[in-house]
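Residue 169 in our numbering sits at position 167 of the sequence shown; the count goes up by one each step and never skips.
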Amino acid sequence: MTDTSLFSQISATVKSRYPAPIAGAFQKLRNTPEEDLGGRQKSLIDLFEVFIKFLTVLFLQEARKGISNLREMLPQREKTFEFLKKPSLGSWIRLLRTLSEIETPLKSVWISPIAKWFKTPKSQEFREVFQRLEGIPNLNFEPKSKTPIAEICNSLVTYRNKYAHGAHILPEEMERRLLIVEHVIAVLLSSASFLEDFPLVHVEKIELAPDDSWKVHSTKFMGNQVELFTFTTVEKLDLFEVYSQAPRTSDQQLLLKLSPFMLCRAAEGMMQKEIFLFNSAGRSDLEYLSYSSGNYYIHKELLSDFNDLVELKFKPGQEEDRFKSLS
3 MTDTSLFSQI SATVKSRYPA PIAGAFQKLR NTPEEDLGGR QKSLIDLFEV FIKFLTVLFL
63 QEARKGISNL REMLPQREKT FEFLKKPSLG SWIRLLRTLS EIETPLKSVW ISPIAKWFKT
123 PKSQEFREVF QRLEGIPNLN FEPKSKTPIA EICNSLVTYR NKYAHGAHIL PEEMERRLLI
183 VEHVIAVLLS SASFLEDFPL VHVEKIELAP DDSWKVHSTK FMGNQVELFT FTTVEKLDLF
243 EVYSQAPRTS DQQLLLKLSP FMLCRAAEGM MQKEIFLFNS AGRSDLEYLS YSSGNYYIHK
303 ELLSDFNDLV ELKFKPGQEE DRFKSLS
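Structural data, given as structure tokens:
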């Protein structure tokens, strides 16, 4: 039987055009056997989690870079990001909601599409999503909300908290619920198609070009593909850091640094490099997770940068020039 679900329809696009962490989590879910209901549920939750974290990180990093008075614009309860040391899925969504409510910079590249997406008004598609969610008991959402995406995200967090770690239910009922959650996450993914414009690049080597621009040799992560990629930019980049690459405007290549939230490494015993996302902070190190492979990575050197971020001290756009000695 041909699979005509929305999840199947967006499969090729997500796996080939969405940022690597999302594409990898999507592929991992697609590779999970249908009869492994517990594995499918875990992979669905992971896909939703990496999707939300990725959007929030892009938004936060551009806000820290481009909004000089970001701290003053945040509500009192979030003058620090202390909660990011041990963040829950709900706290990532709350941060995304908070950021979406601040005044958007006119020249923002990443913030504008994310804020517009998060504040998408009600539509027939979202009404159908809520009708499906009503098939899962006790999710406690408001279908008439003016911010349906926020309600959908909150309902999925409730599903995770109540059912992903709750009492055992019959396989037939679990299969029915999984199909509902799968469709809802597919709607969220397809509605965020702007993510196709923001692949990730890992800077491997930098050379000063004759016109005083920088020739950057990098590894590009787009969908499930990894390829060597060379480009020029007038912006000074940091070696061995992960950047989100925006569509080129005229001769300008716009990039957004994603440290300390993302890094590119080969896990222990692995040859292939992969993208790791921040998971939690300890007293002496940071823990990162690859949603594609399930590998963890422990990093110590970025802890001070992360602690500055928690207090909103560090602004990626105001770093010391690490390449001033290059010629």
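In this text, a Cβ means the ideal position worked out from N, Cα and C, and glycines have one as well.
Owing to the predicted nature of the structure, the values given are computational and were not obtained by experimental measurement.
| Asked | Found |
| --- | --- |
| Q255 (DSSP reduced to helix, strand or coil) | coil |
| Alpha carbon of G41 to alpha carbon of I182, nearest angstrom | 16 angstroms |
| For F278, the three-state DSSP class (helix, strand or coil) | strand |
| Cβ distance (whole Å) where K17 is taken to contact G225 below 8 angstroms | 5 angstroms |
| Residues near R19 by beta carbon distance below 6 angstroms, same chain, minus five either side | E198, G225 |
| C-alpha gap between Q320 and K67, whole angstroms | Bear in mind that the predicted position of Q320 carries a pLDDT of just 43, short of 50, making it unreliable; the figure below should be weighed with that in mind. Near 8 angstroms, if we compare the C-alpha coordinates of K67 and Q320. |
| CA nearest to the CA of L210, picked from I187, I69, H204, T235 | T235 |
| Straight-line gap, G137 to E313 (C-alpha atoms, nearest Å) | 42 angstroms |
| Cβ-Cβ distance between L158 and V186 below 8 angstroms | yes |
| Where G284 falls, given that 16 or more other Cβ within 10 Å makes a residue buried | exposed |
| Within 8 angstroms, strictly: CB atoms of L291 and S261 | no |
| Boundaries (first-last residue) of the alpha helix (DSSP H) holding I182 | 173–193 |
| C-alpha gap between E127 and A188, whole angstroms | 12 angstroms |
| As assigned by DSSP and simplified to three states, the class of E313 | coil |
| CB contact flag (I330, F200, <8 angstroms) | It is not possible to answer for residue 330, since the shown part of the chain is limited to 3 through 329. |
| Reference A22, options F308, P107, K275, closest by Cα | K275 |
| Cβ pair V244, L202 closer than 8 angstroms | yes |
| Integer-rounded CB distance, given that L258 should sit under 8 angstroms from I208 | The pair is not a contact, with the Cβ atoms about 17 angstroms apart (cut-off 8 angstroms). |
| Proximity of K30 and W94 at Cβ, strictly below 8 angstroms | no |
| Proximity below 8 angstroms, CB of F53 to CB of I24 | yes |
| Where K87 sits in the DSSP three-state scheme | helix |
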